[in-house]
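Have a look at the structure below before the remarks.
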Amino acid sequence: MSDLEIKHHNGIATLTMNRPEARNALSLEMREELIQALHDVEHDPGVRCVVLNGAGEHFMAGGDVKGMGQSINKPRAEIKKEFLLRIHDLHPIMFSMRRMPKPIIASCRGASAGAGVSIALACDLVIASEDAFFTLAYCKIGTSPDGSSSFHLPRAVGIKKAMEIALLGDRFTAEEAKNIGMINFVVPTENLNQETETLATRLAKGPTHVYGNTKALFYRSLESEFESQLQAEAAAFADCASRDDFQEGVTAFIEKRTAKFNGT
Numbered sequence: 002m003s004d005l006e007i008k009h010h011n012g013i014a015t016l017t018m019n020r021p022e023a024r025n026a027l028s029l030e031m032r033e034e035l036i037q038a039l040h041d042v043e044h045d046p047g048v049r050c051v052v053l054n055g056a057g058e059h060f061m062a063g064g065d066v067k068g069m070g071q072s073i074n075k076p077r078a079e080i081k082k083e084f085l086l087r088i089h090d091l092h093p094i095m096f097s098m099r100r101m102p103k104p105i106i107a108s109c110r111g112a113s114a115g116a117g118v119s120i121a122l123a124c125d126l127v128i129a130s131e132d133a134f135f136t137l138a139y140c141k142i143g144t145s146p147d148g149s150s151s152f153h154l155p156r157a158v159g160i161k162k163a164m165e166i167a168l169l170g171d172r173f174t175a176e177e178a179k180n181i182g183m184i185n186f187v188v189p190t191e192n193l194n195q196e197t198e199t200l201a202t203r204l205a206k207g208p209t210h211v212y213g214n215t216k217a218l219f220y221r222s223l224e225s226e227f228e229s230q231l232q233a234e235a236a237a238f239a240d241c242a243s244r245d246d247f248q249e250g251v252t253a254f255i256e257k258r259t260a261k262f263n264g265t
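Heads up, the sequence shown is in the numbering used here, so the first residue is 2 and it goes up one at a time.
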């Protein structure tokens, strides 16, 4: 059985991390399959929104700590080399999510820990069930954060709150995560799948190319200067204005009807 299940429906690609017996801990196989799946949906014009979730009762409980235990008795230099390669091998997932020209939704239930938090933070939107909980947890096993969480978390919640989350490693609820800006929506546990589908369908019917430009602008703004950001805005607006969805959007506004975007 694959460690990642992929389903396509009405312009939505749902990527399900599929190791429920291990709370969907990130295995080597899952990592490789996720890299390939993200590449495929990025280049599939039929996909207009991506949903990332976990099989069973949890989103993702982080890295495979039991697997890590097989390495801790090796010589220290060998351990350092091995884990440097492991962490670098995770980076293509983060790069792919960052450049993905389509919205990515994390749909979280149960535990999101360690790399699970990192991956959720790397998504554009996060919807969680009322019973979901989050913990960065790296300090609990004696290591520092990875998976781009040291980039995304301070920008989402501020440096002081990020320090609290990372240094204490405490567990907090979905409602608390929403209140500090880590996630977007909290819904009744029994409604998570339906609410996720409703959100994804709304995005899949939207102006996909516009979403891609908007993502690029917002993420660029985290590191750019004011003048260069204005130039990027102008270029993105002009690009959108030259496309079908702008013509449809303006026409629909004038005709006082709902726009029917085709994503181009």
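Even for Gly, the Cβ is constructed at its ideal location relative to N, Cα and C.
Exercise. With burial defined as no fewer than 16 other Cβ atoms inside 10 Å of the residue's Cβ, what is the status of D4: buried or exposed?
Worked result: buried
Exercise. Taking all protein chains shown into account, do 16 or more other C-beta atoms lie within 10 angstroms of the C-beta of E224, making it buried, or fewer, making it exposed?
Worked result: exposed
Exercise. Distance, Cα to Cα, H145 vs K161?
Worked result: The displayed chain sequence assigns Ser, not His, to residue 145. Their Cα atoms are separated by approximately 16 Å.
Problem set entry | Nonlocal neighbours in the same chain, by C-beta distance under 6 Å from D147, ignoring five residues either side | I88
Exercise. Roughly how many angstroms separate the alpha carbons of A236 and Q230, rounded to a whole number?
Worked result: 10 Å
Problem set entry | Own chain, CB closer than 7 Å to M31, minus 5 neighbours either side, in chain order | D4, L5, M18 and R20
Exercise. Would you call the CB atoms of I105 and L126 closer than 9 Å?
Worked result: yes
Problem set entry | Residue interval of the alpha helix (DSSP H) (run including G55) | Segment C50 to G55 is the beta strand (DSSP E) holding G55; no alpha helix (DSSP H) there.
Problem set entry | Burial state of N180 (16 or more Cβ within 10 Å) | exposed
For this session: Report, in whole angstroms, the separation of the C-beta atoms of V48 and T15, which I expect to be a contact under 8 Å.
Result: Contact doesn't hold; Cβ gap of about 10 Å is too wide.
Exercise. Does the stretch 69-76 come close enough to the stretch 34-42 that 3 or more CB-CB pairs lie under 8 Å?
Worked result: no
Problem set entry | Cβ-based neighbour list, E58, same chain, cut-off 6 Å, excluding 5 preceding and 5 following | G111
Problem set entry | Backbone CA spacing between A23 and V251 [nearest angstrom] | 50 Å
For this session: Would you mind sorting K103 into buried or exposed? The rule is 16 or more other CB atoms within 10 Å of its CB.
Result: buried
Exercise. Is the CB-CB distance between N25 and G117 below 9 Å?
Worked result: yes
For this session: Check H40 in the structure and name its three-state DSSP category.
Result: helix
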